[in-house]
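Single-structure report; data block below.
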Amino acid sequence: MMCLPFHKEDTDMDTALLSWNNIISTCGVPKIIISNRDPKFTSEFWTNLYDMLGTKLAFCTAYHPQKDGLAERMIQKMEDILRRFCAYGMEYKDHEGFTHDWVTLLPEVQHAYNTSHHSTTGKTPTLGEKGWNPLFPVDHLKKRLLTIHPTAKDFHEMWKRACDAAAKCENAVEIKLTEEFSRKHPVFPVSLVKPYFQKEEDKFPFRKKNPTHSEIVEGEDSPGPVKKIIKARKIRLNGKDQRKYLVRFKNQTADKDKWFSEAAIPDGNLHLRRFRASRMT
1 MMCLPFHKED TDMDTALLSW NNIISTCGVP KIIISNRDPK FTSEFWTNLY
51 DMLGTKLAFC TAYHPQKDGL AERMIQKMED ILRRFCAYGM EYKDHEGFTH
101 DWVTLLPEVQ HAYNTSHHST TGKTPTLGEK GWNPLFPVDH LKKRLLTIHP
151 TAKDFHEMWK RACDAAAKCE NAVEIKLTEE FSRKHPVFPV SLVKPYFQKE
201 EDKFPFRKKN PTHSEIVEGE DSPGPVKKII KARKIRLNGK DQRKYLVRFK
251 NQTADKDKWF SEAAIPDGNL HLRRFRASRM T
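First residue of the sequence shown? That's 1 in full-length UniProt numbering, and the numbers climb one at a time after it.
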């Protein structure tokens, strides 16, 4: 893919010269040209010129899948990229403080597009056209990496082993099967498995465990003799209604009050009679 500056005022002749100087002189006469329906590409001069050269002209329209979908998508993507360079008043300032307009940035756009992997092909345009990818500065660094620091070699080998292992099990997992499933292949897609937790607490090991109702009510010994019963309440436990009583102890403050079932109250009969009598008055 080539990025060539093209201006609104350019004529059909300018378009033909741009094509000759940059495309035909480099790649030869194309068999087919896929373009949008810009008037410059549909003009009589342009169509007659490439008719003489034996080139077929194909025009794509946005959102028409019956056309060449790959070319249509590429044109849309390039338009989206170039709009950011052609934005009104945009100026790019490099590290030396010099400003550049969008035309001077086209080589960088072309290089970035041609060296990026495309989802449709899984390869870069440069690799598909020339059979090799251009080198980057980081590629030269990789060659010198093992000599830069002695530990880099060990780390490089460890990283390579980890990458190789991850590549083998990217979409699969091996499971230890029970005896009844021993005849099955133990490798399954990751989409069909999920972690198994024997208990609910195993899912969140650091979550603070809330005490059960029985632990709250009868989990501790009585701090002393009972002074009186403060109040009662009804709760539902294991599908049954149960009545609990809040007990206050002698020589203890209110924060030491505890809930008990009727059978668990120390000297319960006496204090229950007093409590029920006080509610009737």
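Every residue, glycine too, gets a C-beta built ideally from N, C-alpha and C.
Because the structure is a prediction, the values reported are computed rather than measured.
Simplified DSSP state of residue i, which is helix, strand or coil
i: TRP20; result: helix
i: PRO189; result: strand
i: PHE275; result: helix
i: VAL29; result: coil
i: TRP259; result: strand
i: LYS176; result: coil
i: LYS234; result: strand
i: LEU4; result: coil
i: GLU157; result: helix
i: ILE81; result: helix
i: THR121; result: coil
i: ALA168; result: The sequence given here places Lys at residue 168; Ala does not occur at that position. In the structure shown, LYS168 sits in a helix (DSSP, three-state: H, G or I).
i: LEU135; result: coil
i: MET280; result: helix
i: GLU220; result: Any answer about GLU220 is weak, because its pLDDT of 48 lies below 50 and its placement is not dependable; what the coordinates show is given next. Note: GLU220 maps to coil in three-state DSSP.
i: THR11; result: coil
i: TYR196; result: coil
i: PRO150; result: helix
i: ILE265; result: coil
i: GLY73; result: The sequence given here has Arg at residue 73, not Gly. Here ARG73 sits in helix by DSSP.
i: SER214; result: A caution first: SER214 carries a pLDDT of 44, below 50, which makes its placement in the model too unreliable to give a value.
i: PRO65; result: Per-residue confidence for PRO65 stands at a pLDDT of 49, beneath the threshold of 50, marking its modelled position as unreliable; the derived number appears in the next sentence. PRO65: coil per DSSP, three-state reduction.
N- and C-terminal bounds of the beta strand (DSSP E) containing residue i
i: SER35; result: 32-35
Presumed contact (8 angstroms Cβ cut-off) between residue i and residue j, rounded CB distance
i: LYS168; j: LEU177; result: At roughly 20 angstroms, the Cβ-Cβ gap does not stay under 8 angstroms, so LYS168 and LEU177 are not in contact.
i: ILE175; j: PRO186; result: 5 angstroms
i: ASN114; j: MET1; result: 6 angstroms
i: LYS234; j: ASP241; result: 6 angstroms
i: GLY128; j: THR121; result: 6 angstroms
i: GLY224; j: ASN251; result: 6 angstroms
i: ILE34; j: CYS60; result: 6 angstroms
i: LYS31; j: THR55; result: 7 angstroms
Limits of the unbroken alpha helix (DSSP H) element including residue i
i: ALA112; result: 106-114
i: LEU246; result: First-last for LEU246: 240-249, but that is the beta strand (DSSP E), not the alpha helix (DSSP H).
i: LYS40; result: 39-42
i: GLU129; result: 125-130
Identity of the residues DSSP links to residue i by a beta bridge
i: VAL226; result: PHE249
i: LYS56; result: ILE32
8 angstroms Cβ cutoff, residue i in contact with chain E
i: LEU272; result: Although the question refers to chain E, the structure presented lacks it and comprises just one protein chain.
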